[in-house]
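Q: Sharing a structure with you now.
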Amino acid sequence: MSKYLLRLVVSVSMLFFCHSGVVLAGVSNDLEIIRQRVIADLLNEKEVERHFIDKLFETLKPDGSWPDINYKDLSRTAFQHSRHLMNMLDMSRAYRKPGSPLKGNANLKKAISSALDLWLANDFICENWWWNEMGTPNLMINTLLVMDEELTEKQKTDGLRIAGRANLRASGARPGGDLIQIAGMLGKQALFARNELVLDTVVRTMASEIKVTTGRGLKPDMSFHHRVDNVISTLTYGTGYANAFAYWAVKIAGTKYSLPDSASRLLIDYFIDGISQSMIYRMYPDPGAMNRDITRRNAVEEEGLGLPENLAKISTYRAKELEEIIKVRSGKLKPSFTKDRFFWHSSYLTHQRPLFFVSVRMHSSRASNMEQPHNEEGILNHHYGDGSNFISRTGKEFTNIFPVWDWQKIPGTTVLQKPEMPHWNVLAKKGLTDFSGAATDGHYTVAGFDFSSVHDPLTARKSWFFFDREYVCLGAAINTTADLPVFTTVNQTLLNGAVKTRDAKGQRAIDTGRHLLSSTTWIHHDSVGYLFHSPTTIAVYAGIQKGNWRRINHQAWATTEEVSENIFSAWFDHGRKVKNASYQYIVLPAVAVKELETYSKKNDVVILSNSADLQAVQHKGLNLTQAVFYKPGGLQIAKDIFIKVDQPCILMLHSGNGMIDRIHLAEPTHKLQTIQLTATDKSKKEKSMVVQLGTGGDAGKTVRVL
Numbered sequence: 001m002s003k004y005l006l007r008l009v010v011s012v013s014m015l016f017f018c019h020s021g022v023v024l025a026g027v028s029n030d031l032e033i034i035r036q037r038v039i040a041d042l043l044n045e046k047e048v049e050r051h052f053i054d055k056l057f058e059t060l061k062p063d064g065s066w067p068d069i070n071y072k073d074l075s076r077t078a079f080q081h082s083r084h085l086m087n088m089l090d091m092s093r094a095y096r097k098p099g100s101p102l103k104g105n106a107n108l109k110k111a112i113s114s115a116l117d118l119w120l121a122n123d124f125i126c127e128n129w130w131w132n133e134m135g136t137p138n139l140m141i142n143t144l145l146v147m148d149e150e151l152t153e154k155q156k157t158d159g160l161r162i163a164g165r166a167n168l169r170a171s172g173a174r175p176g177g178d179l180i181q182i183a184g185m186l187g188k189q190a191l192f193a194r195n196e197l198v199l200d201t202v203v204r205t206m207a208s209e210i211k212v213t214t215g216r217g218l219k220p221d222m223s224f225h226h227r228v229d230n231v232i233s234t235l236t237y238g239t240g241y242a243n244a245f246a247y248w249a250v251k252i253a254g255t256k257y258s259l260p261d262s263a264s265r266l267l268i269d270y271f272i273d274g275i276s277q278s279m280i281y282r283m284y285p286d287p288g289a290m291n292r293d294i295t296r297r298n299a300v301e302e303e304g305l306g307l308p309e310n311l312a313k314i315s316t317y318r319a320k321e322l323e324e325i326i327k328v329r330s331g332k333l334k335p336s337f338t339k340d341r342f343f344w345h346s347s348y349l350t351h352q353r354p355l356f357f358v359s360v361r362m363h364s365s366r367a368s369n370m371e372q373p374h375n376e377e378g379i380l381n382h383h384y385g386d387g388s389n390f391i392s393r394t395g396k397e398f399t400n401i402f403p404v405w406d407w408q409k410i411p412g413t414t415v416l417q418k419p420e421m422p423h424w425n426v427l428a429k430k431g432l433t434d435f436s437g438a439a440t441d442g443h444y445t446v447a448g449f450d451f452s453s454v455h456d457p458l459t460a461r462k463s464w465f466f467f468d469r470e471y472v473c474l475g476a477a478i479n480t481t482a483d484l485p486v487f488t489t490v491n492q493t494l495l496n497g498a499v500k501t502r503d504a505k506g507q508r509a510i511d512t513g514r515h516l517l518s519s520t521t522w523i524h525h526d527s528v529g530y531l532f533h534s535p536t537t538i539a540v541y542a543g544i545q546k547g548n549w550r551r552i553n554h555q556a557w558a559t560t561e562e563v564s565e566n567i568f569s570a571w572f573d574h575g576r577k578v579k580n581a582s583y584q585y586i587v588l589p590a591v592a593v594k595e596l597e598t599y600s601k602k603n604d605v606v607i608l609s610n611s612a613d614l615q616a617v618q619h620k621g622l623n624l625t626q627a628v629f630y631k632p633g634g635l636q637i638a639k640d641i642f643i644k645v646d647q648p649c650i651l652m653l654h655s656g657n658g659m660i661d662r663i664h665l666a667e668p669t670h671k672l673q674t675i676q677l678t679a680t681d682k683s684k685k686e687k688s689m690v691v692q693l694g695t696g697g698d699a700g701k702t703v704r705v706l
């Protein structure tokens with residue numbers, strides 16, 4: 001890519017000298033086709049709301065400012081100036097859009113010019129680099145493209161200078177980071193300046209960025225890492241990466257600038273197997289895959305159609321799958337997805353069924369526990385990656401719950417209950433243990449986590465076993481020297497309907513408030529059942545929790561205004577100075593109380609082991625055994641079936657009629673090259689094999705042994 005960057009150094013400066021009021025002689029028809037497509041997209045991006053535009057026009061002050069915007073605060077947590085740019089673009093759209101009641105309105109043009117001149121005169125610079133190199137340049141070039149020949153030469157030149165801060169030499173233009181999005185902004189600058197050389201360089205740069213890497217960017221497992229901390233960012237930066245490419249692929253289709261088909265195919269793979277597999281029903285973002293962005297309003301709202309529709313336009317590759325996602329998102333088809341995926345570079349797994357979605361997020365010595373709380377967002381995310389386990393039936397279970405959440409009761413996590421969290425500036429730390437991984441065949445999955453808290457003197461062995469109808473959660477070797485309670489949270493979600501339970505006294509609905517339930521067989525809430533293999537003591541809360549957005553996010557919009565929500569939460573209290581504590585429970589989503597009651601009396605799940613060395617579960621109905629070996633050891637699976645491994649590993653074994661059918665195995669430390677596995681079945685012949693493990697980008701990936 002260096003030769004393209006070299007050409008670009010010359011080309012960027014040319015942008016400021018090549019703009020003309022008309023299409024330059026010699027400029028290709030292809031560039032003009034693309035320019036008109038981009039402008040049409042900007043004009044049609046949203047409807048012109050006359051009352052809104054009238055209000056902007058009426059409230060605009062003589063100096064070109066709006067009275068409700070703070071123009072003095074340039075801090076990284078505020079910068080209301082972005083609203084000025086958005087207002088300017090909205091007015092420009094109303095002025096230029098065909099059919100707009102204000103199209104060509106002379107007074108509106110004067111207002112747009114006044115607002116633009118104010119910005120050009122002040123050139124507002126934010127403390128947050130993102131606004132200076134991306135946010136402001138993007139909104140500026142969009143306005144320039146829409147207004148085009150309605151601008152003065154000075155407005156064109158000065159506006160392009162500000163837009164030009166989005167360039168491939170900018171600090172944020174990092175490969176695998178924001179490079180593609182910044183390249184897209186530079187592409188718009190090239191269209192405005194009618195500069196073919198820069199446009200050609202932009203397209204080549206984009207094409208070179210669609211690749212698999214073990215560094216920043218798109219990983220071999222189809223997850224995405226924005227930074228070198230190896231924290232998953234598929235649904236944030238990774239989606240922006242895909243959106244920018246797909247947008248431009250559509251805009252340049254059929255021209256000499258068209259992108260290579262290989263890049264389009266890889267991006268479609270990434271969207272279907274990475275982005276969509278990190279979403280509930282491929283519609284709602286999974287909270288478990290998010291970072292500081294979870295503390296923004298409406299963070300888990302349903303995604304739109306733009307990205308899959310753009311991908312469907314540029315290639316016929318995997319067209320049926322794209323069409324299914326489009327139909328599901330548009331409400332024309334009920335989701336019927338059945339697929340598991342483990343992202344071994346990100347210690348993140350998803351388990352998708354037609355009626356529910358589940359995820360697990362872990363960390364390891366190969367990555368930080370969480371994204372840094374940049375711009376003071378996500379300031380209570382300390383334990384968000386500590387084995388979080390989100391359960392979704394509708395995708396709306398966690399909508400705007402986070403200001404009232406107890407952030408030491410994140411679903412699935414085992415956490416020392418502190419009087420207050422450490423300061424957010426020490427939130428993100430490198431993980432402490434190597435063992436974090438999963439084995440999957442794409443339909444069933446088993447995951448194991450040798451958990452060591454990066455914030456507290458707390459360790460545990462945690463594992464999850466996923467089948468069709470249910471999944472099992474095990475915890476063992478929970479230890480701490482701290483004289484504080486240790487809780488393992490089963491769930492903490494929005495309260496939706498009655499909370500019912502069965503104990504020694506029978507079945508009943510519990511009242512609002514906090515309860516310590518003893519001899520509990522099961523709990524049911526919001527069509528999800530939580531089943532305990534033996535009568536268990538568990539704490540439950542159902543009722544109002546209060547908080548505010550400011551406690552989790554320090555952006556200017558996040559105030560201390562009280563927010564309240566009705567919450568359901570359930571957790572195990574392991575006590576203080578815990579030694580070798582444990583837990584075990586089954587989660588049965590999409591179930592009615594009557595079905596849960598029947599299931600509790602008879603089911604196919606057998607917990608074979610829940611110890612510091614081995615956690616294993618067998619599903620007799622599926623003839624499937626899943627095991628997490630934290631140390632070398634063996635496991636008697638059935639009367640005639642025994643397996644032994646010489647290294648720590650995670651495996652799944654399918655069997656039938658006393659014979660081993662197939663085995664899938666993963667090595668969760670990413671350090672070994674081979675594992676010796678010995679198996680005996682009904683044939684009485686001991687089979688010993690050396691399993692060749694993945695290396696490099698495939699270290700940690702599941703391999704099929706038999």
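Sequential numbering of the sequence shown, starting at 1, is according to our numbering.
No residue lacks a Cβ here, since even glycine has one placed at the ideal position from N, Cα and C.
Please classify Thr536: is it buried, with 16 or more other beta-carbons within 10 angstroms of its beta-carbon, or exposed?
A: By one-based count along the sequence shown, residue 536 stands at place 536. The residue is buried, with at least 16 neighbouring Cβ atoms inside 10 Å.
Q: What's the call for Thr350, buried or exposed, on a 16-neighbour Cβ count within 10 Å?
A: The count along the sequence shown starts at 1 and reaches residue 350 at position 350. Answer is buried; the Cβ neighbour count reaches 16.
Q: So what does DSSP say about Met689, is it helix, strand or coil?
A: For the purposes of this step, residue 689 is identified with residue 689 of the sequence shown, where counting begins at 1. If DSSP states are grouped into helix, strand and coil, Met689 belongs with the strands.
Q: Once the 5 residues before and after Ile637 are set aside, which same chain residues still bring their CB inside 6 Å of it?
A: Along the sequence shown, one-based indexing puts residue 637 at 637. Taken in chain order, the residues that qualify are Thr625.
Q: To the nearest whole angstrom, what separates the beta carbons of Asp450 and Thr433, a pair I think is in contact under 8 Å?
A: Residue numbering aside, residue 450 sits at position 450 when the sequence shown is read from its first letter. Residue numbering aside, residue 433 sits at position 433 when the sequence shown is read from its first letter. About 4 Å separates the two Cβ atoms, so the contact holds.
Q: Between which residues of its own chain and Thr143 is the CB-CB distance below 6 Å, once the five residues before and five after are set aside?
A: Your numbering for residue 143 matches position 143 in the sequence shown. The residues are Met88, Leu89 and Ser92.
Q: Helix, strand or coil: which one does DSSP assign to Asp503?
A: Counting from one through the sequence shown, the residue named residue 503 turns up at place 503. Of the three classes helix, strand and coil, the one that applies to Asp503 here is strand, per DSSP.
Q: Please classify Leu693 as buried or exposed, where buried requires at least 16 other C-beta atoms within 10 Å of its C-beta.
A: Position 693 of the sequence shown, counting from 1, holds the residue named residue 693. So Leu693 ends up on the buried side.
Q: Around the C-beta of Val426, are 16 or more other C-beta atoms found within 10 angstroms, so that it is buried, or is it exposed?
A: Reading the sequence shown from its first residue, position 426 is the one you call residue 426. Classification of Val426: exposed, given that the 10 Å Cβ count is below 16.
Q: For Phe124, which residues in the same chain have their Cβ closer than 6 Å to its Cβ, ignoring the five residues on either side in sequence?
A: As a working mapping, residue 124 is identified with position 124 in the sequence shown. If we look at Phe124 and ignore the five residues flanking it on each side, its Cβ neighbours are His81.
Q: Between Gly240 and chain B, is there a C-beta pair that is closer than 8 Å?
A: Absent here is chain B; the protein component of the structure consists of one chain.
Q: If you reduce the DSSP assignment to three classes, tell me which class Pro62 lands in.
A: As a first step, residue 62 is located in the sequence shown; it is residue number 62 there, counting from the start. Pro62: coil per DSSP, three-state reduction.
Q: Report the three-state DSSP secondary structure of Trp464 (helix, strand or coil).
A: Position 464 of the sequence shown, counted from the first residue, corresponds to residue 464. If DSSP states are grouped into helix, strand and coil, Trp464 belongs with the strands.
Q: Quick check: Tyr95 and Asn105, are their CB atoms within less than 8 Å of each other?
A: On the sequence shown, residue 95 is found 95 positions in, with the first residue counted as 1. On the sequence shown, residue 105 is found 105 positions in, with the first residue counted as 1. The answer is yes: Cβ separation under 8 Å.
Q: Roughly how many angstroms separate the alpha carbons of Val300 and Gly288, rounded to a whole number?
A: Within the sequence shown, residue 300 is the residue found at index 300, counting from 1. Within the sequence shown, residue 288 is the residue found at index 288, counting from 1. Cα-Cα distance, rounded: 11 Å.
Q: Among Ile379, Met362, Ala460 and Val415, whose alpha-carbon lies nearest the alpha-carbon of Gly437?
A: As a position in the sequence shown, residue 437 is number 437, starting the count at 1. Ranking the options by Cα distance to Gly437, first place goes to Met362.
Q: Mapping the DSSP letters down to three states, classify Ser330 as helix, strand or coil.
A: For the purposes of this step, residue 330 is taken as the residue at position 330 of the sequence shown. Of the three classes helix, strand and coil, the one that applies to Ser330 here is coil, per DSSP.
Q: Could you pull the start and end residues of the beta strand (DSSP E) that Met134 belongs to?
A: Numbered from its first residue, the sequence shown carries residue 134 at position 134. First-last for Met134: undefined, no H or E at that position.
Q: Can you check which of these residues, Glu133, Asp178 and Ala253, is closest to Ile34 by C-alpha distance?
A: On the sequence shown, position 34 is the one that residue 34 refers to. Checking every option, the nearest Cα to that of Ile34 belongs to Ala253.
Q: When the distance is taken between beta carbons, is Trp464 closer than 8 Å to Val360?
A: In the sequence shown, residue 360 corresponds to position 360, counting from 1. In the sequence shown, residue 464 corresponds to position 464, counting from 1. For Val360 and Trp464, yes; Cβs fall inside 8 Å.
Q: Spatial neighbours of Gly187 within its chain, please: C-beta separation below 7 Å, excluding the five flanking residues on both sides.
A: Locating residue 187 in the sequence shown gives position 187, counting from the first residue. Excluding sequence neighbours, Gly187 sits near Leu199, Val202 and Trp248.
Q: What are the boundary residues of the beta strand (DSSP E) that includes Gln618?
A: Counting from 1 along the sequence shown, the entry for residue 618 is found at position 618. Element bounds for Gln618: Leu614 to His619.
Q: If Gly64 and Leu118 are in contact, beta carbons under 8 Å, what's the gap, nearest whole angstrom?
A: Within the sequence shown, residue 64 is the residue found at index 64, counting from 1. Within the sequence shown, residue 118 is the residue found at index 118, counting from 1. Yes, they are in contact, since the Cβ atoms of Gly64 and Leu118 sit about 3 Å apart, within 8 Å.
Q: Am I right that Thr414 and Gly475 are in contact with their C-beta atoms under 8 Å? What's the rounded C-beta distance?
A: Sequence index remark: in the sequence shown, residue 414 carries index 414 (1-based). Sequence index remark: in the sequence shown, residue 475 carries index 475 (1-based). Correct: roughly 6 Å between the Cβ atoms.
Q: Residues in the same chain with beta-carbon distance under 7 Å from Thr77, minus the five sequence neighbours each way, listed in chain order, please.
A: Position 77 of the sequence shown, counted from the first residue, corresponds to residue 77. The answer, listed in chain order, is Asn375, Glu376, His554, Gln555 and Ala556.
Q: In angstroms, rounded to a whole number, what distance separates the CA positions of Ile268 and Leu635?
A: Indexing the sequence shown from 1 puts residue 268 at position 268. Indexing the sequence shown from 1 puts residue 635 at position 635. Those two C-alpha atoms are separated by around 41 Å.
Q: List the endpoints of the continuous alpha helix (DSSP H) containing His374.
A: As a position in the sequence shown, residue 374 is number 374, starting the count at 1. Element bounds for His374: n/a, residue is neither H nor E.
Q: For Asp441, tell me which candidate among Leu43, Glu150 and Leu706 has the shortest Cα-Cα distance.
A: Counting from one through the sequence shown, the residue named residue 441 turns up at place 441. Taking only the C-alpha atoms, the option nearest Asp441 is Leu706.
Q: Rounded to a whole number of angstroms, what is the C-alpha to C-alpha distance between Gly159 and Ile141?
A: Taking the sequence shown and counting its residues from 1, the one referred to as residue 159 is at position 159. Taking the sequence shown and counting its residues from 1, the one referred to as residue 141 is at position 141. Going from the Cα of Gly159 to the Cα of Ile141 covers about 7 Å.
Q: From the DSSP output, which residues share a beta bridge with Ile607?
A: Here residue 607 refers to the residue found at position 607 of the sequence shown. Per DSSP, Val617.
Q: Evaluate Ala498 with the Cβ neighbour count: other Cβ atoms within 10 Å of its Cβ, from every protein chain shown; 16 or more gives buried, anything less gives exposed.
A: As a position in the sequence shown, residue 498 is number 498, starting the count at 1. That one is exposed.
Q: Count the other CB atoms within 10 Å of the CB of Glu47; is the residue buried (16 or more) or exposed (fewer)?
A: Here residue 47 corresponds to residue number 47 of the sequence shown, with the count starting at 1. Classification for Glu47: exposed.
Q: List the whole-angstrom C-beta distance separating Asp503 from Thr520, where the pair is believed to meet the contact cut-off of C-beta under 8 Å.
A: For the purposes of this step, residue 503 is taken as the residue at position 503 of the sequence shown. For the purposes of this step, residue 520 is taken as the residue at position 520 of the sequence shown. Their Cβ separation, rounded to whole angstroms, is 5 Å, which keeps Asp503 and Thr520 in contact under 8 Å.
Q: Measuring CB to CB, does Gly658 end up less than 8 Å from Lys685?
A: The sequence position of residue 658 within the sequence shown is 658, counting from 1. The sequence position of residue 685 within the sequence shown is 685, counting from 1. No. Outside cutoff.
Q: Ala193: buried (16+ other C-beta within 10 angstroms of its C-beta) or exposed?
A: As a first step, residue 193 is located in the sequence shown; it is residue number 193 there, counting from the start. Buried is the call here.
Q: So, with DSSP's three-state summary, where would you put Ala193?
A: Numbered from its first residue, the sequence shown carries residue 193 at position 193. Residue state, collapsed to three classes: helix.
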